[in-house]
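Report on one structure; see the data block that follows.
Residue numbers (full-length UniProt numbering), protein chains in the order written: chain Z, 1 to 457; chain E, 1 to 465.
Rendered as structure tokens:
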């Protein structure tokens, strides 16, 4: 064994790839390696981040306190109405409940929540312990649903099911499909409105895109799940088109909606000015209405004229700087890589927590040769490549932020708990400004100096 | 009249948590042991969430390993994963100490980690590395109990019969790195030889500079922990720590080290008690510099006493800090409106009773509380200041009660690691923030409030008695 700490675990070698060097495929979508200090969370976490923005539902976490406490109000999602989603409900299981079963407590908690708030729906999340002791949450939810005449929906999100959040996205998707399925063969009337999938209204991003669409003459039916309500979600089958933004969380839901309700879907991406323009054009084309196309082009022209000089201003400062991107999903990674490139920056390494083989193939096509790509990275690997690749700034989530700072590397949060919107033309401006502010901060020069070095010698 | 209420017996659902899970406290305590790393035996999410919670509070990178249990291990047992996790952690981090904390999942599966570790050590011929199994099922306690239980387990692992020596043991609860530094400064000024545990004053507040190390330098060395059994006495700031979790109690029972259980040295009385204790042990006079600091605190108390008398704070969080802050408020003429903790077995209510007797105003004391209960009580008692961690943000956001961040976790402000509230100096820093928050609230609203009160239609004064 080496005497010095190392970043290398042999079993991880196939999860790290340098583009252009080897043609073999990166290993991904596996369970996390024990002891590797993965940046990943759990199945429950995946389900929670997808469902939590449903504003007027009660989100009840069935398990010991930790799972709920760690995810209380964790998202930066905004609501135009109810704030119920920001309340954190837990059955707070104790040793007694684990030994004798937690169903009775779950029933009591559902009853209390209904009595106090009369919510239109309750999502009941299963946690590790609940899966293990075998509480029948499906039966409890079904029974409670009949008793109270509201939707009480089980979310099969026991953390240990997999080391990959994607399994939780699927559990959340299943819960959403259960919620929106019309009861007793009722039919939801078709409209010319669209659903917006994989949009969580972080910092009001859904509202921003909604403004663009309204100007184009298009209305959003409901977003999954940013600023959504139970009633609005139930109208989802009435849309004429589904936009899929975050494909990791919502691709499967889009496919199911197509199968069940015949709603086609297209991929969109509102991160970055070019991506936003491209996505708006795609939507306009779907409608095939000349008036819409005309209004869309006018909007894009006006906004691009506003964005271009700002991006150019920052590009002058940022050109040639070296960036790293490590985020949860491939959709986000691709969007940020493209934005960094628009700012003239070089992407030195990138990766995701939950990417699939096809995602990595796509990443491989847009980064330049020599870029390191890592699936399910850990702090040791991130540290190694930040130093080796002499990176100037990193985009990632909170867990990576302070490691970057300690190494004197700038940092931009692109996480589900952020408070500022980064979507659309306004978001592109904000993103560029933030990248500049951190990459070119005077702080880095200062903190790396040691004025007493000579005195020491 | 003071109202006592143990809340969870009334309601079932916990709504907006005032406490977190047991292994989280264990992670913090382990950061105070030199060259150590925590490994959570459970599913991947547990360690990631604990990292997130700590990273946001301390503004530091914090690595916590996981045995990443999955469905298969949930059925067949987690030994193979734990062994692999140990292999990888040892390879990447080269720690001297690994604390293995159990999650709910591991405990419910019934994994015998004590046996796993023994077998592993034998098979791998482990030398120069201590692997300490610690039981922290989150349904058996909060992060507070997890903190104490971990300290107790660490001491039990190392302590062995040794010769008596002149040093004292100082065992601290979950306080900020800045607080630990201040306590050490006072111990140094009083000329004491001591072992402070857990000392995460450097590991959770690392200065910038030098080569980055995967395990932050600092922490109490194992050799010093081993000597704690021979100390003259243990000073433990564990006034609310139940005996079964108490590290100081363990040292007293097992090795005959006298235990001096003190409240945290917060406020004048609390710090006086601590300094008096140090004077008795060291048989040294209190140096002039400490007396000066005491004088500055007294001066501030006198200057601000009338403003502070207008405070009706709601104080919430971990019992040890809540108790100490309640004492500080009371000695400054502020009668707490609500005192609350998410913990259930600290005996907080009983300890507070003698302090609250004789007050003209009512105090609601809540144990095992969640924030919906705390918020209800705060509104009912017209609380005007919220003192505690970030969980109380709704008190400000929804009820307009100005907030003062202290305790753990603080994730919506910077500098959680630097919040200082112990000693005369820390108490003064805290008191100034306390008074200034009241003043800010007053100056930003009194014109409007007086106008509404005196020029409104009804024209009736609403002044409270």
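Ideal placement from N, C-alpha and C gives every residue a C-beta, glycine not left out.
Cβ of residue 306(E) within 9 Å of any chain Z Cβ: One-based indexing of the second chain puts residue 306(E) at position 306. Chain Z, which has no Cβ nearer than 9 Å to the Cβ of residue 306(E), makes this no.
Residue 17(Z) - partner residues in DSSP beta bridges: For the purposes of this step, residue 17(Z) is taken as residue 17 along the first chain, with counting starting at 1. In DSSP, residue 17(Z) forms a bridge with 373(Z).
Residue closest to residue 296(E), alpha-carbon to alpha-carbon, out of 171(E), 212(E), 431(E), 391(E): Residue numbering aside, residue 296(E) sits at position 296 when the second chain is read from its first letter. Of 171(E), 212(E), 431(E), 391(E), the residue nearest in Cα terms is 431(E).
Rounded distance between the beta-carbons of residue 44(Z) and residue 159(Z), thought under 8 Å: In the first chain, residue 159(Z) corresponds to position 159, counting from 1. In the first chain, residue 44(Z) corresponds to position 44, counting from 1. Residue 159(Z) to residue 44(Z), Cβ: 5 Å. Contact.
Delimiting residues of the alpha helix (DSSP H) encompassing residue 319(E): Along the second chain, read from residue 1 onward, the residue named residue 319(E) stands at position 319. Run containing residue 319(E): 319 to 331, per the alpha helix (DSSP H) assignment.
Buried or exposed by the 16-neighbour rule on C-beta atoms within 10 Å, applied to residue 357(Z): For the purposes of this step, residue 357(Z) is identified with residue 357 of the first chain, where counting begins at 1. Burial call: exposed.
Residue ranges of each alpha helix (DSSP H) within the stretch 262 to 311 of chain Z, 4 or longer: 273 to 287
contact_flag[the stretch 380 to 388 of chain E, the stretch 342 to 356 of chain E] where n(CB pairs < 8 Å) is 3 or more: no
Residue 316(E) - partner residues in DSSP beta bridges: Indexing the second chain from 1 puts residue 316(E) at position 316. Per DSSP, 340(E).
Members of the stretch 75 to 90 of chain Z near chain E, C-beta cut-off 7 Å: 87, 88, 89, 90
Under 8 Å by beta carbon: chain Z residues contacting residue 13(E): Here residue 13(E) is taken as the residue at index 13 of the second chain, counted from 1. Result: 60, 89, 90, 91, 92, 108, 109, 112, 113.
Beta-carbon proximity check, residue 481(E) vs residue 385(E), cutoff 9 Å: Residue 481(E) falls outside the range modelled here, since chain E spans only 1 to 465, and no answer is possible.
Cross-strand partners of residue 90(Z) (DSSP beta bridge): Residue mapping note: residue 90(Z) aligns to position 90 of the first chain, counting from 1. 61(Z), 14(E).
Any 3 or more C-beta pairs closer than 8 Å across the stretch 195 to 202 of chain Z and the stretch 235 to 242 of chain Z: yes
Distance, residue 24(E) Cα to residue 33(Z) Cα: Position 33 of the first chain holds residue 33(Z). Position 24 of the second chain holds residue 24(E). The straight-line gap from Cα to Cα measures roughly 21 Å.
Reference residue 211(E); option with closest CA among 326(Z), 384(Z), 203(Z): In the second chain, residue 211(E) corresponds to position 211, counting from 1. Answer by Cα proximity: 384(Z).
Start-to-end residues for the alpha helix (DSSP H) that takes in residue 88(E): Taking the second chain and counting its residues from 1, one reaches residue 88(E) at position 88. Here the alpha helix (DSSP H) through residue 88(E) covers 79 to 93.
Test: residue 349(Z) CB closer than 9 Å to a CB of chain E: Taking the first residue of the first chain as 1, we reach residue 349(Z) at position 349. No, its Cβ sits nowhere closer than 9 Å to a Cβ of chain E.
Span of the beta strand (DSSP E), counted from its first residue to its last, around residue 125(Z): As a first step, residue 125(Z) must be located in the first chain, where it is residue number 125. Unbroken beta strand (DSSP E) run through residue 125(Z): 121 to 126.
Proximity below 9 Å, CB of residue 321(Z) to CB of residue 392(Z): To locate residue 321(Z), count along the first chain from 1; it is residue 321. To locate residue 392(Z), count along the first chain from 1; it is residue 392. In this structure, residue 392(Z) lies closer than 9 Å to residue 321(Z) by Cβ.
Length at least 4, wholly inside the stretch 138 to 203 of chain E: the alpha helix (DSSP H) runs in chain order: 143 to 158, 177 to 189
Spatial neighbours of residue 266(Z) in its chain, beta-carbon cut-off 8 Å, leaving aside the 5 residues before and after: Counting from 1 along the first chain, the entry for residue 266(Z) is found at position 266. Excluding sequence neighbours, residue 266(Z) sits near 241, 242, 243, 244, 282, 283, 286.
Contact belief for residue 323(Z) with residue 305(Z) at Cβ below 8 Å, rounded distance in angstroms: Along the first chain, read from residue 1 onward, the residue named residue 323(Z) stands at position 323. Along the first chain, read from residue 1 onward, the residue named residue 305(Z) stands at position 305. At roughly 27 Å, the Cβ-Cβ gap does not stay under 8 Å, so residue 323(Z) and residue 305(Z) are not in contact.
Interface residues of the stretch 378 to 409 of chain Z facing chain E [CB-CB below 7 Å]: 379, 380, 383, 398, 399, 402, 403, 406, 407
CA nearest to the CA of residue 406(E), picked from 120(E), 420(E), 14(E): As a working note, residue 406(E) is residue 406 in the second chain. It is 420(E).
Residue-level contact to chain Z via CB, residue 120(E), 9 Å cutoff: Locating residue 120(E) in the second chain gives position 120, counting from the first residue. So, not an interface residue.
Three-state class that DSSP yields for residue 25(E) in the structure shown: Counted from its first residue, the second chain places residue 25(E) at position 25. In the structure shown, residue 25(E) sits in a helix (DSSP, three-state: H, G or I).
Below-9 Å beta-carbon distance, residue 15(Z) vs any chain E residue: Reading the first chain from its first residue, position 15 is the one you call residue 15(Z). Not one chain E Cβ lies under 9 Å of residue 15(Z).
Chain-ordered residues of the stretch 37 to 66 of chain Z with a beta carbon less than 8 Å from chain E: 37, 38, 39, 40, 41, 42, 43, 44, 45, 60, 63, 64, 65, 66
Three-way DSSP call (helix, strand, coil) for residue 196(Z) in this model: Here residue 196(Z) refers to the residue found at position 196 when the first chain is read from its first residue. If DSSP states are grouped into helix, strand and coil, residue 196(Z) belongs with the strands.
Three-state secondary structure assigned by DSSP to residue 452(Z): Counting from 1 along the first chain, the entry for residue 452(Z) is found at position 452. Correct three-state label for residue 452(Z): coil.
Three-state secondary structure assigned by DSSP to residue 451(E): Position 451 of the second chain, counted from the first residue, corresponds to residue 451(E). Residue state, collapsed to three classes: helix.
Environment of residue 275(Z) [buried if 16+ CB atoms lie within 10 Å]: The residue given as residue 275(Z) occupies position 275 in the first chain. Per the 10 Å Cβ criterion, buried.
Residue range of the unbroken beta strand (DSSP E) whose run includes residue 470(Z): What is shown of chain Z runs 1 to 457, which leaves residue 470(Z) out entirely.
Own chain residues within Cβ distance below 8 Å of residue 89(E), not counting five before or after: The sequence position of residue 89(E) within the second chain is 89, counting from 1. Once the five neighbours on either side are set aside, the close Cβ partners of residue 89(E) are 37, 39, 65, 95, 98.
Within-9 Å CB hit, residue 19(E) to chain Z: Within the second chain, residue 19(E) is the residue found at index 19, counting from 1. Yes, contact with chain Z.
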